[in-house]
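Chains X and S, in that order, are what the protein sequence lines are.
So the first sequence is numbered by this note's numbering: it starts at 1 and just counts up by one.
So the second sequence is numbered by this note's numbering: it starts at 1001 and just counts up by one.
Backbone N, C-alpha and C define an ideal beta-carbon position, used for all residues, glycine too.
Quick notes on the structure that follows.
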Amino acid sequence: MIKKYSNIIMLIVVPSVIGLLYNYIRSDSIDLLRETKIIEWVDDTELSGIFENDSVSNIKSLRTHQVFELFENGKAKLIDARDEWDYNDGHIQGAINLPAYDFEINNPNLSDLDRNSLIVIYCGDEECDLSKKLASGLMDIGFKNVYIYVGGWFEWLESGYPIEVSESK
Amino acid sequence: MKILLNKYFVLISRLILSLVFIFAGIEKIISPELFAESINNYRLFPLFTINLIAITIPWIELVTGICLLLGITIKDNLKIINSLMLFFILIVFISVLRGLDIDCGCYGTNAAQKVGFIKILENIILFLMGLQIYLCENHLFRINSK
Chain X
1 MIKKYSNIIM LIVVPSVIGL LYNYIRSDSI DLLRETKIIE WVDDTELSGI
51 FENDSVSNIK SLRTHQVFEL FENGKAKLID ARDEWDYNDG HIQGAINLPA
101 YDFEINNPNL SDLDRNSLIV IYCGDEECDL SKKLASGLMD IGFKNVYIYV
151 GGWFEWLESG YPIEVSESK
Chain S
1001 MKILLNKYFV LISRLILSLV FIFAGIEKII SPELFAESIN NYRLFPLFTI
1051 NLIAITIPWI ELVTGICLLL GITIKDNLKI INSLMLFFIL IVFISVLRGL
1101 DIDCGCYGTN AAQKVGFIKI LENIILFLMG LQIYLCENHL FRINSK
């Protein structure tokens, strides 16, 4: 009976094994068992002296009111990690666009950035991964003070904070 | 009915279906995280299984697509391909019923294809092509039609 199903079994097992092996060796591999992400928050008291976020393994996140505080006092550079169409449709006022999936070293927005400046990256909402991805990328190339804002565009919009829309080209 | 099983007609279906699977497989292999997120959007599977699905299914699509193209064990291959198509039809249908406005995750990143009746129709057509190939007894350019 096994012989009857051997083709089917091979056609399922062999590609699966190849997939697992390939995932193991590739640089952009994913975990075998997906887990919910644990967010590490920045305490309000730390806010005034943020300088030390250099652990790539767990990038700290800011809450909406903290991002707003930094927005008001102009101390942080806000970066929108979504693609340019989402960005153009609406973004946090003053934020620049660095699409996480189009990340290139010679992006003009990137070269304008001071590597020591305080960076806050956001994307759509809590579920979206782009901010973390971009944060890792920036830290890899020497940015020291990188934080993410998991509430993202969604929470900022809900809070009624300043936004802007790009002019259509 | 006989015309549907005409071997040239079947060959065309086989070409189309296999190329669709090969393309779909490759696109998903290229960006596993994105594919995993698409699967997650369906909210149908336990979180811990999602990456395993995202790692294995694209390769199954790719290998079965290639085998179909080359005509290797056509019938057994189609059992898998047609089962996959039925599965896709089912999950898209469930998502439409639940009113989910999500990307189907069919072809990886680029073509942002929404879940909806058109998608279901596309999948039904592919399934019917698979069925047509399965029912044909006399294949051209095959290595093993079993």
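The contact set of I1091 (chain S) on chain X, defined by CB atoms closer than 8 Å, is empty, because the minimum CB distance reaches about 18 Å.
Judged by DSSP in its simplified three-state form, Y149 (chain X) adopts strand.
With a threshold of 8 Å between beta carbons, R34 (chain X) makes contact with chain S. Scanning chain X for C-beta atoms nearer than 8 Å to the C-beta of V1063 (chain S) yields L11, V14, P15 and I18, reported in chain order. Residues V1096 of the same chain have their beta carbon placed closer than 7 Å to that of G1116 (chain S), with the five preceding and five following residues left out of the count. Taken through DSSP and simplified to helix, strand or coil, S1018 (chain S) comes out as helix. Contact check for T45 (chain X) against G151 (chain X) fails: the beta carbons are separated by 8 Å or more. Within chain X, the residues placing a beta-carbon under 7 Å from that of K1079 (chain S) are I8, ordered along the chain.
Among the residues facing chain X, C1067 (chain S) is included, as its CB has a counterpart in that chain under 8 Å away. When the five nearest sequence neighbours on each side are left out, the beta carbons in the same chain lying within less than 7 Å of the beta carbon of L130 (chain X) are those of A81, R82, A100 and C123, in order along the chain. In this structure, the alpha-carbon of I1102 (chain S) lies about 17 Å from that of K1028 (chain S). Judged by DSSP secondary structure, A1054 (chain S) falls within the alpha helix (DSSP H) whose first and last residues are L1047 to L1070.
For D1076 (chain S), the neighbours in chain X by C-beta distance under 8 Å run, in chain order, N7, I8 and L11. If you look at K77 (chain X), you'll find it in the beta strand (DSSP E) that goes A76 to D80.
Taking a cut-off of 8 Å for Cβ pairs, the region 1016–1028 of chain S and the region 111–119 of chain X do not touch, as fewer than three such pairs fall below it. Here DSSP, grouped into helix, strand and coil, assigns L118 (chain X) to strand. The three-state secondary structure of S1038 (chain S), taken from DSSP, is helix. The beta carbon of N1144 (chain S) is closer than 7 Å to those of I1072 and T1073 in its chain, skipping five residues each way along the sequence.
At a cut-off of 8 Å, the C-beta of N1138 (chain S) has no neighbouring C-beta in chain X.
With its beta carbon less than 8 Å from one in chain X, N1051 (chain S) belongs to the interface. A contact is defined here as three or more CB-CB pairs under 8 Å, and the region 1023–1043 of chain S meets this definition with respect to the region 1051–1070 of chain S. When DSSP reads this structure, I92 (chain X) sits in a beta bridge with X:I163.
Taken through DSSP and simplified to helix, strand or coil, S61 (chain X) comes out as strand.
For a cut-off of 8 Å, the C-beta gap from L33 (chain X) to F1009 (chain S) is around 45 Å, too long to register as a contact. Closest by C-alpha distance to M1085 (chain S), out of S:I1055, S:F1127 and S:Q1113, is S:F1127.
Bridge partners of D1076 (chain S) according to DSSP: none are assigned. Listed along chain X is no residue with a C-beta nearer than 7 Å to that of E1027 (chain S); the closest approach is about 14 Å.
Taking 8 Å as the cut-off, the beta carbon of I12 (chain X) is found no closer than this to the beta carbon of N23 (chain X). What N88 (chain X) touches in chain S, judged by beta-carbon distance under 8 Å, is nothing: the nearest beta carbon there is about 16 Å away.
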